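Here the working numbering = 1-based position in the sequence shown + 5.
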Amino acid sequence: MMRDDALDRLRQLARAQALGRHVGSDRLIQAGLDALLADVDSPSLALQAGLGRREEHEARELFDHVVDELGLGFEAPVDPIAARWALAYWLAAQIADGSLDPATGADLIWVEAASELGYPDALQPIVECAFHLDDWNANWSPPLEQLKEEVLVAARALLARGEPETNP
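This is the structure:
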């Protein structure tokens with residue numbers, strides 16, 4: 006893993022936590038180890054990367070120190086509606102850049118953003134795809150890949166709208 010990739014991974018994990026997503030201690034420790042091996046340096050990074058199984062409870066606090074030391078922090082909006090919109094746009098961006106499977110991303114947007122926002126029109130195309138993916142089976146058409154492509158198109162369309170909405 007290259008240094009920039011390791012920093013991006015730390016940044017993404019910090020954003021995920023700030024937006025209320027659960028990030029396991031094992032992922033935080035592994036990201037720290039990967040960053041350390043990629044020549045990322047911060048005072049708390051070696052401590053985080055070196056945590057053992059019995060010390061996993063310390064991972065979140067050390068990760069927060071690492072994020073602060075590297076200037077990778079992300080402030081989620083205080084307003085819960087704005088925070089859900091930020092989550093939806095962040096997940097859509099991950100779908101669009103290929104770092105999140107479209108089916109998984111659509112489901113997360115449906116459950117963790119759209120339902121909390123009262124199913125706003127801007128998220129309906131993704132929610133509809135998630136609904137179809139949830140009920141999909143091998144005997145049903147359209148093909149799974151077509152549904153995933155529809156999620157990708159809907160995610161890109163959402164991102165093209167611009168900044169997250171604060172009024173659903």
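Don't be surprised by glycine CBs; every beta carbon is placed ideally from N, CA and C. Values in this document were obtained by computation on a predicted structure and should not be read as measured data.
Check: How far does the alpha helix (DSSP H) with phenylalanine 68 in it reach, from first residue to last?
Finding: From DSSP, the alpha helix (DSSP H) with phenylalanine 68 extends over 64-75.
Check: When you compare only the Cα positions, how much space is there between glutamate 79 and glycine 25?
Finding: Sequence inspection shows phenylalanine at residue 79; the glutamate mentioned does not correspond to that position. When rounded, the separation of the alpha-carbon atoms in phenylalanine 79 and glycine 25 is 12 angstroms.
Notebook entry, point to check: Does the Cβ of leucine 50 have 16 or more other Cβ atoms within 10 Å, making it buried, or fewer, making it exposed?
Noted result: buried
Checklist line | Pairwise C-alpha distance: glutamate 63 and alanine 101 | finding: Looking at the two C-alpha atoms, the distance is approximately 33 angstroms.
Note to self: Among the candidates Leu42, Ala118 and Val72, whose CA atom is the shortest distance from the CA of glutamine 17?
What the structure shows: Val72
Note to self: alanine 118 and leucine 92 - do their beta-carbons sit closer together than 8 angstroms?
What the structure shows: yes
Next item on the list: Would you decide whether leucine 42 is buried or exposed? Buried here means 16 or more other CB atoms lie within 10 Å of its CB.
Entry: By the neighbour-count definition (other C-beta atoms within 10 Å, threshold 16), leucine 42 is an exposed residue.
Item checked: Sufficient close CB pairs (3 or more, under 8 angstroms) joining the segment 52-70 to the segment 137-146 -> no
Next item on the list: Could you tell me whether the segment 101-112 touches the segment 149-166, using the rule of 3 or more Cβ pairs below 8 angstroms?
Entry: With the cut-off at 8 angstroms, the segment 101-112 and the segment 149-166 touch.
Item checked: For phenylalanine 183, the first and last residue of its enclosing alpha helix (DSSP H) -> Outside the shown range of the chain (6 to 173) lies residue 183, about which nothing can therefore be said.
Check: Secondary structure at aspartate 126, three-state DSSP: helix, strand or coil?
Finding: helix
Checklist line | Secondary structure of aspartate 10, DSSP reduced to three states | finding: Judged by DSSP in its simplified three-state form, aspartate 10 adopts helix.
Margin query: One question on the structure: do cysteine 134 and valine 116 come within less than 8 angstroms of each other, judged by their Cβ atoms?
Written below: no
Notebook entry, point to check: Of the choices Pro148, Ala165 and Trp95, whose alpha-carbon is the least far from that of arginine 20?
Noted result: Trp95
Checklist line | valine 45 classed as buried or exposed, judged by whether at least 16 other C-beta atoms fall within 10 angstroms | finding: buried
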